[in-house]
Amino acid sequence: MTQLSAPSGSGKTTVLLGVLFALTGGRVIPTDKKKSIVRLFLGPDVCIIRTKRPDTLELRYYEACFKDEEAEGILRHWLSEDWSTVSFVFQHQLCAFFNFTGEQKLSFVERALFDGKEASMLRDQVRKKILELANTEEANWKMLSSLTDEELKILPFVKDYDSMNRELDSLIAEEASLMNLWKECSERSSLCTLWNQCKEDIDKYSTELRKEEESIRSIRELVEKRKFRDRLGHANSLLLEEASDEGWQNLVLHWKEFKQVEEFRKKYGYVPSAHKLEELDELLYLDNCCKANCPRCEQPLLVFVNWRDRKLDKVEVDLDERKNVAPAKKKEERQQMELLLNHRSTKPQWTVEEYEKALQIRKLGELATEEQVEKFENHEKKRSLMNALIKQEEELREKLNFMNQNLPEMEAIEKRIQAVREQMDHLRNISRISSFRPFYYSWMDTTRVKVLWLEIKEVFETVREHFVNSRLDFLNAELNSLLSLLFSGGMTGHFVYAKNFSLELEWKGMTFSNGKGLSGGEMERVSLAVMLAFHAALRPSLHFLLFDESFSSLDGDSLRTTVEVLRSCFASHIVWSTHHPDCLSDEILKI
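For the sequence shown, our numbering gives the first residue as 14, with consecutive numbering after it.
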């Protein structure tokens, strides 16, 4: 037994790793730059880098990189399975067995057994297969859960998907044909109903019009005069009372005289009257064409003649003393002015149009009353409506003559359409259900296979239990022998396996399951006993045992006892690294 003694951080783990790799065919290459870093190579694809500042362990396997606890776990896994001649215990990992779950402990035991690796692999394969089947079964059932119980019952008996589609296409075409036929029947039925209604309305209005014809004939003229009166519009009531043909003639003459007076007013600036006529007797205004020229200067002169002192014939033919001319045409104007005195110069009260309208209204005589007008209008509306109905009836009759006369009854068509649609809905539902057939058959197959694999698992568990129990007797004997050497109080222990794996310890009248309740030093000694029992019972070909800073929780006497037991129970070589300065082994190497 070789002891490596050195303080923390001095490189004990690195030396142990170097020994390990030297024993397993690897090589150790210290780096040139930093003495605290050591690279360990095992073959061309594996490299381990150990550093103390900071304290790290790095494992590089091909292109993958693992660090610290992950790297330690991988190394431990490799060493425990692949290199049966070397066992390596990393620092503070001696008690790791008691931190395993029951299944992890069982896996540890199986890997430690000669053919346990194959059993463990088989167990993993069984579990993986059952898990895959369970996931597939769950996924298929999740798809099937949308179906009702009735749909699930008919799912195995649904028709072929293609044949259902062909039948569904045939029903869709039949439904379209029936719908066209139904529309044609519906249109013909509507036209027949409308045609019959038109005939009934025509008969009704015709009867009513015949009954009203005589009474309407008697009021027709009165209504027409009433309409003519309404077209003429409003007329003054006083004017209606006095309107007559003679009055109309007088009004026309009056307006003629009034216009003449207005023309005179525009021409001469005043309206002739007796007073104005007296002024004309003294002064007579002559037009430009009737002016005389001055004998002296030949300029036009206004000639005023005292009309009463002269005789008309003299004035017409002779000159006065001043040789001024009184034109003969003024005689005619004088006569016209005298006539104008008899004309009325006031504007008439009514216009000719108003008088004519009032005269027309007065001549109309008796007019229709409001009731008679309403009765006549209703009669005309009925006649107009009847004419429209007659025209519509003719159009409907022509349409009906052009339509197919051999159409089936609408009730029969509707019943067939309903039956076709029910069949289509049924087929669509069946088609929808048939889409679940792959999931259904997969679920059935998966369930059947899963049952088989569960049976395999049950058989495997039975064989597994028998396999482990067949090797526990010798293992428990070795364990108790080691415990009696490591504990003075006579601790006993045995492994128990029944669908799980545990270690039951009895010491000082107390039972400790899987080491719970033990101190750190006691746990280290129990762990050493477990490891040595496994090595003695299951790995007799082990030649090298490497401990990295183990038994750190033990005091001096317990440590010496433990080292002695370890050295006496393990005949091959042991390398133990510790920070303890005293030599407790066959030889000590101080770093």
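The C-beta atom is built at its ideal place from N, Cα and C for all residues, glycine as well.
Reduced DSSP category for G528 - H, G, I as helix; E, B as strand; rest coil = coil
Please list, in chain order, all residues of the same chain as S532 whose beta carbon is under 8 Å from its beta carbon, the five residues on each side excluded.
-> S566
Taking Cβ to Cβ, would you say I143 is nearer than 8 Å to K463?
-> yes
Start and end of the beta strand (DSSP E) containing L17?
-> T15 to S18
Hey, out of H586, G569, V588 and V578, whose CA is closest to D595's CA?
-> G569
Per-residue DSSP class, three states only, for G503 | coil
Just how far apart, CA to CA, sit Q16 and V543?
-> 22 Å
Just tell me which of L541, W456 and E600 has its CA closest to the CA of K155.
-> W456
Classify M192 as buried or exposed, calling it buried when 16 or more other Cβ atoms lie within 10 Å of its own Cβ.
-> exposed
Rounded straight-line distance, which links the Cα of T505 to that of V59 = 42 Å
What separation, rounded to the nearest whole angstrom, lies between the Cα atoms of L297 and H267?
-> At L297, the pLDDT of 43 sits below 50, so the modelled position is not reliable and the matter cannot be decided from this model.
Sort out for me which residues DSSP pairs S515 with in a bridge.
-> V509
W195: which of D216, R396, L29 and R429 sits nearest, CA to CA?
-> R429
Three-state secondary structure (DSSP) at E600?
-> strand
Mind checking whether S515 and N527 have CB atoms under 8 Å apart?
-> yes
Report yes if the C-beta distance between L402 and L204 is below 8 Å; otherwise report no.
-> no
Output the distance between the C-alpha atoms of R434 and E468, rounded to the nearest integer angstrom.
-> 50 Å
Go through its chain and collect everything with a Cβ distance to V576's Cβ below 6 Å, but skip five positions before and after it.
-> L597
Between L398 and K217, what straight-line distance do the alpha-carbon atoms span, to the nearest angstrom?
-> 11 Å
When burial is assigned at 16 or more other CB atoms within 10 Å of the CB, is H479 buried or exposed?
-> exposed
Could you tell me if R335 is buried or exposed, where buried requires 16 or more neighbouring beta carbons within 10 angstroms of its beta carbon?
-> In this prediction, R335 scores a pLDDT of 44, lower than 50, which makes its location untrustworthy; the coordinate-derived value is nonetheless stated afterwards. R335 is exposed by the Cβ-count criterion.
How would you label N442, buried or exposed, when you count the other beta carbons within 10 angstroms and need 16 or more for buried?
-> exposed
Compute the Euclidean distance between the alpha carbons of V509 and E474, then round it to the nearest angstrom.
-> 15 Å
Using beta-carbon positions only, say whether R538 and L488 come within less than 8 Å of one another.
-> no
Any idea what DSSP makes of T364, helix, strand or coil?
-> coil
So what does K470 bridge to, in DSSP terms?
-> None, per the DSSP bridge assignment.
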